[in-house]
Amino acid sequence: MALNDKRRYIIPLLYDIPAFLLVIVFELLNNPLNSLCSQIANCCYSGCLPIPANVESLNNMGIKYVINMCAEYNGPRITYKKYNIKQLQLPTVDSTAPS
Numbered sequence: 276m277a278l279n280d281k282r283r284y285i286i287p288l289l290y291d292i293p294a295f296l297l298v299i300v301f302e303l304l305n306n307p308l309n310s311l312c313s314q315i316a317n318c319c320y321s322g323c324l325p326i327p328a329n330v331e332s333l334n335n336m337g338i339k340y341v342i343n344m345c346a347e348y349n350g351p352r353i354t355y356k357k358y359n360i361k362q363l364q365l366p367t368v369d370s371t372a373p374s
């Protein structure tokens, strides 16, 4: 089995699931693990793992488009639709180059 094939199974178990659970737990404690997003240019932000509870904040910031690079998470698509935020998903396995 090639290394990339192994990563496809190992990374979700050892990294993705625990990281996502931490984001949810800290959100439930009303103490976000990190900021939802950081502004990297005039009209561009970088963020991670938004959950449905975060979408209203994204909308209030004027964010209308999201590029989701997660292979393991489809994003809060139903909530995005409610706020008319468009998502482009380009699933990429962590620690591998997009293909």
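Residue numbers (our numbering): 276 to 374.
We treat Cβ as the ideally placed atom computed from N, Cα and C, and that holds for glycine.
>> If you reduce the DSSP assignment to three classes, tell me which class P366 lands in.
In response: strand
> What does a CB cutoff of less than 6 Å around L363 pick up in its chain, not counting 5 residues either side in sequence?
Replying inline: I342
> Helix, strand or coil: how does DSSP classify N349 here?
Replying inline: coil
>> So, for K361: in the same chain, excluding its five sequence neighbours on each side, which residues have a beta-carbon less than 6 Å away from its beta-carbon?
In response: Y340
> Does DSSP put I316 in a helix, a strand or coil?
Replying inline: Ile is not the amino acid found at residue 316; the sequence shown has Ala there. Reduced to three states, the DSSP call for A316 is strand.
> A372 to N335, Cα distance in whole Å?
Replying inline: 32 Å
> Would the region 312 to 321 and the region 286 to 302 be scored as touching if the rule is three or more Cβ pairs under 8 Å?
Replying inline: no
> Between which two residues does the alpha helix (DSSP H) containing N335 stretch?
Replying inline: 330 to 335
> So, are the CB atoms of L324 and Y355 less than 8 Å apart?
Replying inline: no
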